[in-house]
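*Asks:* Numbering (the numbering used here), first residue to last: 1187 to 1598. Where is the CB? At the ideal position from N, CA and C, for every residue including glycine.
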Ligand code: UDP
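Right under this line is the structure:
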């Protein structure tokens, strides 16, 4: 089965047909994506799906990864954090090294980049490549995946010069954008329905993975999967669970996340959560190994309700993941979660542990309503939050940039 057929099977043949029509207008276009890492993180995960799909649709798509020294990546990591608001002053010596390594990457990639029709530069790390291509013939697009609305001022001033040299920028949400002297587009995040984290699971495999964690799948289960971060409000989740359990006595809770070991604050929050559930056999606070995507999948699929009770959130991929699995999701009334959960229709938005507990009680007592909301959520995710929708928007963007935004796009 071709990749497109596989996507048609899960995302719908209408969706794939639309992609074919748009891609027909771009047949043979050379599209290069550049980012900083081949694996780990959402950007790499999505490029892993987008690039092969684009190729099958007739584009000459490829993906290039920056090569660099540990010092280079330490510098780009700081840059990344500064763009997200961390107050770190620029280290000028490190930035000279950053420029040197960028120049080496530009040299290595010069043939492909100079000749491309479209170059997508993902996040700040490769942003300065553009200065080495004054004669470029294609359109260069800066694709920012992070919240750049409140960057550290000096680092942004430094980066802005490179970013502004691009022909357009793409941000994930309007609230994440920076004012720039070129067109800015909004393309929300998406998930890959064929990735291990989201694909269909055999019932036996799903059960094995959950029972291995000590859960009973014959009893109701609510789950929040996220980093142990105060903004994700894990302690609020525990409070909501306690309140809801007064009405649903056999309720179980899973609060699972990874990365606490190498994040001092995460470690602290993790231990606070462990302490808060001590002695409670039905509240499972656990660390997940990195990239244990099948376990995340199995937990979300086995849950009666998926929670993402954040008090601050960018987009909230776990919300989409729960919705795609047909779960009723209760999310914090904040950030991009508001785009996903249409209150009472594709999920519930809450502002307090009490609010979450009320919704848990309501959903656990109304199996039909729970199922209905889960079905609405899955359909909404299918149309709006899958990688196929993201690809459709990239294709539309390329057609518009090539033909001039004033032209009408005629689909064959
Ligand atoms: N995730 C995971 N294992 C964990 C915790 C999170 O695989 O232990 C995944 C989760 O399924 C989601 C992503 O990491 O795909 C987190 O994205 P989200 O937007 O929800 O939150 P962020 O961590 O980016 O703030």
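So, under 8 Å CB-CB, residue 1421 and residue 1462 are touching, yes? Tell me the CB distance rounded to an integer number of Å.
*Replies:* 6 Å
*Asks:* Among the residues of its own chain, which have a CB less than 6 Å from the CB of residue 1208, if the five just before and after it don't count?
*Replies:* Leaving aside the five residues that flank residue 1208 on each side, the residues in its chain whose CB is nearer than 6 Å to its CB run, in chain order, 1581.
*Asks:* Under 7 Å from any heavy atom of the ligand UDP, does the C-beta of residue 1221 make it?
*Replies:* no
*Asks:* Give the range of the alpha helix (DSSP H) segment to which residue 1424 is assigned.
*Replies:* 1420-1431
*Asks:* Go through its chain and collect everything with a Cβ distance to residue 1362's Cβ below 8 Å, but skip five positions before and after it.
*Replies:* 1330, 1332, 1333, 1334, 1335 and 1500
*Asks:* Please classify residue 1240: is it buried, with 16 or more other beta-carbons within 10 angstroms of its beta-carbon, or exposed?
*Replies:* buried
*Asks:* Would you decide whether residue 1518 is buried or exposed? Buried here means 16 or more other CB atoms lie within 10 Å of its CB.
*Replies:* buried
*Asks:* Taking three-plus beta-carbon pairs below 8 Å as touching, is the stretch 1252-1264 in contact with the stretch 1224-1237?
*Replies:* no
*Asks:* Which two residues bound the contiguous alpha helix (DSSP H) that contains residue 1278?
*Replies:* 1278-1294
*Asks:* Hey, could you find the ends of the beta strand (DSSP E) residue 1221 is sitting in?
*Replies:* First-last of the beta strand (DSSP E) with residue 1221: 1216-1221.
*Asks:* DSSP three-state call for residue 1453: helix, strand or coil?
*Replies:* helix
*Asks:* Give me the Cα-Cα distance between residue 1287 and residue 1255, rounded to the nearest whole angstrom.
*Replies:* 8 Å
*Asks:* Tell me which residue opens and which closes the beta strand (DSSP E) that residue 1510 is part of.
*Replies:* No beta strand (DSSP E) holds residue 1510; the alpha helix (DSSP H) holding it covers 1503-1510.
*Asks:* Out of 1353, 1451 and 1373, which one is the CA nearest neighbour of residue 1320?
*Replies:* 1353
*Asks:* Taking only heavy atoms of the ligand UDP into account, decide whether any of them is closer than 7 Å to the Cβ of residue 1507.
*Replies:* Correct: residue 1507 has its Cβ closer than 7 Å to the ligand UDP.
*Asks:* Can you check the stretch 1345-1415 for any alpha helix (DSSP H) of at least 4 residues that lies completely inside it and give the ranges in chain order?
*Replies:* 1389-1397, all fully within the stretch 1345-1415.
*Asks:* Cβ-heavy atom distance between residue 1413 and the ligand UDP below 7 Å?
*Replies:* yes
*Asks:* Would DSSP call residue 1329 helix, strand or coil?
*Replies:* strand
*Asks:* When the Cα atoms are used, what is the spatial distance from residue 1252 to residue 1559?
*Replies:* 43 Å
*Asks:* From 1386, 1545 and 1530, pick the residue whose C-alpha is nearest to that of residue 1408; which is it?
*Replies:* 1545
*Asks:* Does at least one heavy atom of the ligand UDP sit under 7 Å from the Cβ of residue 1562?
*Replies:* no
*Asks:* If you measure between the beta carbons of residue 1348 and residue 1372, is that distance less than 8 Å?
*Replies:* no
*Asks:* Helix, strand or coil: how does DSSP classify residue 1313 here?
*Replies:* helix
*Asks:* Assign residue 1305 to one of three DSSP states: helix, strand, or coil.
*Replies:* strand
*Asks:* Which same chain residues, not among the five before or five after residue 1425, have their C-beta less than 6 Å away from its C-beta?
*Replies:* 1539
*Asks:* I need the DSSP call for residue 1248, collapsed to helix, strand or coil.
*Replies:* strand
*Asks:* Between residue 1536 and residue 1495, is the Cβ-Cβ spacing less than 8 Å?
*Replies:* yes
*Asks:* For the beta strand (DSSP E) containing residue 1321, name the first residue and the last one.
*Replies:* No beta strand (DSSP E) holds residue 1321; DSSP gives it neither H nor E.
*Asks:* Out of 1514, 1512 and 1505, state which residue places its alpha-carbon closest to the alpha-carbon of residue 1524.
*Replies:* 1505
*Asks:* By the three-class DSSP mapping on this structure, what secondary structure does residue 1529 have?
*Replies:* Looking at residue 1529 - three-state DSSP - the assignment turns out to be strand.
*Asks:* Does DSSP put residue 1442 in a helix, a strand or coil?
*Replies:* Residue 1442 falls in the strand class under three-state DSSP.
*Asks:* Can you pull the DSSP bridge partners for residue 1517?
*Replies:* In the DSSP assignment, residue 1517 forms a beta bridge with 1494 and 1535.
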